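In full-length UniProt numbering, the protein residues as written are 1 to 798.
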């Protein structure tokens, strides 16, 4: 401890240590003081230490005489400080008391002021409460008047504002869809965008139709005579002595219609009343002009009832929702369709409401909002169903009735003669359906699609990457054939593992002719319908090979040109397939800019033949990464010419899954066609010919013999056909013709579709559930294994 203390830096002694130790006595060496003075100083020093124990000691080293002198001066100053401190404390105490008294006075004054203000507020509230009901009504009336003025001002501003025309540059997709030497049909313009048509006006017109008046032009009333008649009649009343028509115009498109402009609704009703009573016989006042707007993406349940009719009160409900007057509603989409949303046209009574809804872009219906656009009426050609001619209706027809069936037996002379039918009945199909699928070289996927009941009434099936192999010069595909479809394969086959990579199945009820193309990846045919010829091609293009795409487009150009040269009528084009190319035109904005340009050959082909992409932009047609669906893109396309595009009613992903990484695409067109339906086969070798001859003789005996040669021939054919079909036994179907497809396979397909859709919906929502992916994969494997086992079992039974 002594060594450690010696090493430490010497510090001045602490105050507490000095107080604990006895007082140190200074013994001066040179100057000595009297003991009395020393004792007195020592006593004062002790008192000072007791009153101020916290005072610090001076730190500097001093000599003994200097230190003694400083102690004396410090003692005297400490005494003075204590007295001053006591005086200061007393002074502060006095000041604090004075401040407390001042604060109390200020607080009392503030309380008094607050009480006075509170009393004033209570008095004002009492006055407001005591106001009479008359004053309240007056204030409410003033507020309502001001509110109405604001609403009228807002309405006037809305009427002054028209929808801006689309002045921006067309997008890449718009230019790509533009047919050659024609204006782009899908670029927004005054007629195609939401801009307000010039016919949308708030001017009220009374329209008078003079087409049914006398045929003599001199007797038919003109615009001037109608103006004079209306003005004369209205001026005869007391309140309209100097009344004049605002304007009288003639419809340039129909000169038989004369319109009288009205200033307000009251004048409109007055002119209609006068016109109906004073204008000559044959003239009629048409109903008020309506302003139609088209509304897309409307909930079908909000417009149609259970019987697919317009709901009662729908117009009134829509009028209230949109703050407009809806006169009537017409549903544009197919009512028998199972789709939950469709399009409708709404007829409004005011042009300002139509302009406002078009400018807003939305129309409220049943709590939801549809998208508004300009309604374009597309009149159909006037065809007479009596003489089958164009240009007039049946009630205007003066021609003789033309019978469409060539087997009518003497319809004018004998009504008992019926139409002689053949062994084939004809069923009218209202739509033309085409299906497309990349089966991924799996025969089970191909079999599943071919045996799906949803594809039974399709016209064609476009297949890419079928399971096909070339053995000893023969092309073997899975399946090799089908009782409902005609198989068409490419004209040339390649050597190697995959001989072909596309094929077509055409419905046997449709007349079709294959088009030869020197490529194993392209299959084309021309389908002959009653009123149109359609070129259909199934295409597969290998990914990452730019030359393969160029060759495929060149082959398609040559095939289309060849078909159009050899046909005397217009040939429409439809190209479907797996192109393995990305572009924002069909892939959407998710396609990176790096991939832009790889599909330029397809864009050039579309521009050359005026083709459009029918599939909705951004629809995912391929799901990669196995069943986990880590990747998805749009590489399957449906391209069609202008007429087919206009008649398209649906182009979307089909709901049924078949186990491929590609989805099935269904395209539907409004193109009626007749599908013959085969009747039962007659077993003619067992026909009772004696009974047949007797029945024919009795039928001819009861039939009149007069008429032309054609009529007599028709009667004979009818008698023979009726007797043969009635008395000849029908052939029973062969037991070996039984279809191998069973209801169990259909159920397994439905199970797989359920798990696949469930897994994909979770992935699209951003949630990856491995259990659902595993369930979908196992369901697909079970389904495909069952197909193979059933085919083998059916073959063994045969």
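Backbone N, C-alpha and C fix where the C-beta goes; we use that ideal spot for every residue, glycine too.
As the structure is a prediction and not an experimental result, all values here were calculated from the model.
Residue i, enclosing beta strand (DSSP E) - first and last residue
i           : result
residue 750 : From DSSP, residue 750 is part of no beta strand (DSSP E) but of the alpha helix (DSSP H) over 743-764.
residue 209 : 204-209
residue 767 : Where residue 767 is concerned, there is no enclosing beta strand (DSSP E), given that its DSSP letter is neither H nor E.
residue 631 : 631-633
residue 283 : From DSSP, residue 283 is part of no beta strand (DSSP E); its letter is neither H nor E.
DSSP three-state assignment for residue i, whether helix, strand or coil
i           : result
residue 581 : coil
residue 717 : helix
residue 243 : coil
residue 364 : strand
residue 606 : helix
residue 262 : strand
residue 553 : helix
residue 616 : coil
residue 62  : Because the pLDDT of residue 62 is 44, which lies under 50, any placement of that residue in the model is unreliable, and the number read from its coordinates should be weighed accordingly. In the structure shown, residue 62 sits in coil (DSSP, three-state: anything other than H, G, I, E or B).
residue 623 : strand
residue 173 : Because the pLDDT of residue 173 is 48, which lies under 50, any placement of that residue in the model is unreliable, and the number read from its coordinates should be weighed accordingly. It is helical.
residue 370 : strand
residue 539 : strand
residue 189 : Since pLDDT at residue 189 reaches only 37, below the 50 mark, its modelled position is unreliable, and no value is offered.
residue 495 : coil
residue 594 : coil
residue 575 : strand
residue 327 : strand
residue 697 : helix
residue 310 : strand
residue 799 : What is shown of the chain runs 1 to 798, which leaves residue 799 out entirely.
Residue i: first and last residue of the uninterrupted alpha helix (DSSP H) it sits in
i           : result
residue 794 : 770-797
residue 446 : 443-450
residue 527 : Note, residue 527: premise wrong, no alpha helix (DSSP H); beta strand (DSSP E) at 522-528.
residue 233 : 223-235
residue 318 : 314-322
residue 507 : Not the alpha helix (DSSP H): residue 507 falls in the beta strand (DSSP E), residues 502-507.
residue 646 : 642-646
Nearest-angstrom Cβ-Cβ length linking residue i and residue j, presumed shorter than 8 Å
i           : j           : result
residue 370 : residue 291 : About 17 Å; that fails the 8 Å criterion.
residue 449 : residue 621 : In fact, because the Cβ distance is near 15 Å, the residues do not count as touching under 8 Å.
residue 347 : residue 334 : Actually they do not touch by this definition, with Cβ atoms about 20 Å apart.
residue 634 : residue 656 : So it is not a contact: roughly 20 Å between Cβ atoms.
residue 298 : residue 311 : Between residue 311 and residue 298 the Cβ distance is about 12 Å, and since that is not below 8 Å, they are no contact.
residue 475 : residue 493 : 6 Å
residue 574 : residue 644 : 6 Å
residue 658 : residue 437 : 7 Å
Residue(s) in a DSSP beta bridge with residue i
i           : result
residue 101 : None; residue 101 has no bridge partner.
residue 292 : 347
residue 686 : None, per the DSSP bridge assignment.
residue 95  : Bridge partners of residue 95: none, in fact.
residue 436 : 462, 665
residue 299 : 341
residue 514 : 525
residue 548 : According to DSSP, which records beta bridges pairwise, residue 548 is partnered with nothing at all.
residue 638 : 576
residue 249 : 259
Beta-carbon spacing of residue i, residue j below 8 Å
i           : j           : result
residue 729 : residue 772 : no
residue 506 : residue 525 : yes
residue 591 : residue 578 : no
residue 502 : residue 534 : no
residue 341 : residue 300 : yes
residue 434 : residue 460 : yes
residue 641 : residue 610 : yes
residue 550 : residue 581 : no
residue 265 : residue 245 : no
residue 649 : residue 325 : no
residue 660 : residue 489 : no
residue 286 : residue 207 : yes
residue 701 : residue 715 : no
residue 288 : residue 349 : yes
residue 647 : residue 671 : yes
residue 443 : residue 467 : yes
residue 256 : residue 305 : no
residue 248 : residue 223 : yes
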